[in-house]
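Okay, so here's the structure we're looking at.
In the numbering used here, the protein residues as written are 12 to 172.
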């Protein structure tokens, strides 16, 4: 299935999609590509808010704000993502999980990539409809991310379907 098809399928059955991705074997290059694509899309989704902030407070120019977001999301966030996946793997092991370190990473990275189109929608809503719609969609993005991540962790750790 295509990546976009898998993203849509993840909204309904994240365990099945992550299980299918895990069945393709441990490919760290694929997992890292998922992480970087998700973070790259999240970086682009930040731009409208950064432009509003720069217009409201010109003491920090737009290029400095974009540079800070780039540094945080594309260079530092991957380190945090690897650490978070490791912590989740350790916690799963404590409660009897039978998965792998790669499975924990894949579940987190896939959840981020699956939620990233909704991040773009949230940014668009902030531009078109205003901050209230953006805040409401932020909750929806968080819920979808958690839904896909929890389902992915369950698939990776051997949870039932």
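We put the CB at the ideal spot given by N, CA and C, even for glycine.
1. From residue 73 to residue 62, what distance separates their C-alpha atoms?
2. Are residue 56 and residue 146 touching if we call contact CB-CB under 9 Å?
3. Please report how far the alpha carbon of residue 17 lies from the alpha carbon of residue 49, in whole angstroms.
4. Need the endpoints of the alpha helix (DSSP H) that residue 89 sits in, please.
5. Does residue 109 come out as helix, strand or coil in the three-state DSSP assignment?
6. The ligand ADP heavy atoms versus the CB of residue 91: any closer than 8 Å?
7. Closest by CA to residue 52, which one among 30, 27, 120 and 163?
8. Given residue 171, which residues of its chain have a CB within under 6 Å of its CB, disregarding the five upstream and five downstream residues?
9. From the DSSP output, in three-state form, read off residue 172 for me.
If we stick to the structure as given:
1. If you take the alpha carbons of residue 73 and residue 62, they lie about 6 Å apart.
2. Not in contact: residue 56 and residue 146 (Cβ atoms no closer than 9 Å).
3. Going from the Cα of residue 17 to the Cα of residue 49 covers about 14 Å.
4. 88-105
5. Correct three-state label for residue 109: coil.
6. Ligands in the displayed structure: none, and consequently the ligand ADP is not present.
7. 120
8. Reliability fails at residue 171, whose pLDDT of 48 lies under 50, so the model's placement of it is uncertain and the value that follows must be treated cautiously. Same-chain partners within the cutoff: there are none.
9. Here the model assigns residue 172 a pLDDT of 45, short of 50, so the residue's position is not dependable and the matter cannot be decided.
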